[in-house]
Amino acid sequence: MNICGCLVHVAQDALLDARAQMEALDGVEVHAQSDDGRLVVVVEDTDTAFASDIIMSLHQIRGVISLTINYHHFEDLPQRPSAAAPHPET
1 MNICGCLVHV AQDALLDARA QMEALDGVEV HAQSDDGRLV VVVEDTDTAF ASDIIMSLHQ
61 IRGVISLTIN YHHFEDLPQR PSAAAPHPET
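According to full-length UniProt numbering, the sequence shown is numbered sequentially starting from 1.
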């Protein structure tokens, strides 16, 4: 599990479109927006992309001026055995 809390600064004239593009991406949630174009965004790994790759794609959205990672949490999730896997004998 990989979770990043980001502050994204977007140009005023592109704010609504940029926010909509971010919210359309898997693994991205916009939690807050200020009047001056700053967004509080949480990005997490998905089944198909790492959070780091998603963050790099946010930089490509028109109007994004800057993106900083202000929080990062990473932990290895325990591997769960498949339902078809035999249980180890004790």
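Each residue gets a CB set at the ideal place from its N, CA and C atoms; glycine is no exception. The model shown is predicted, which means the values in this text are computed figures rather than measured ones.
CB-CB length for residue 10 against residue 64, believed under 8 Å: Within the sequence shown, residue 10 is the residue found at index 10, counting from 1. Within the sequence shown, residue 64 is the residue found at index 64, counting from 1. 6 Å between Cβ atoms; contact.
What do you get for residue 69, buried or exposed, if any count of 16 or more other CB atoms within 10 angstroms of its CB means buried? Sequence index remark: in the sequence shown, residue 69 carries index 69 (1-based). Exposed is the call here.
What distance in whole Å lies between the Cβ atoms of residue 73 and residue 3, which are believed to be in contact at a cut-off of 8 Å? On the sequence shown, position 3 is the one that residue 3 refers to. On the sequence shown, position 73 is the one that residue 73 refers to. Sure, about 5 Å apart at Cβ, within 8 Å.
Three-state secondary structure assigned by DSSP to residue 51: Mapped onto the sequence shown, residue 51 falls at position 51. DSSP places residue 51 in helix when its eight states are reduced to three.
Using the beta-carbon count (16 or more within 10 Å), is residue 16 buried or exposed? As a working note, residue 16 is residue 16 in the sequence shown. With fewer than 16 other Cβ atoms within 10 Å, it is exposed.
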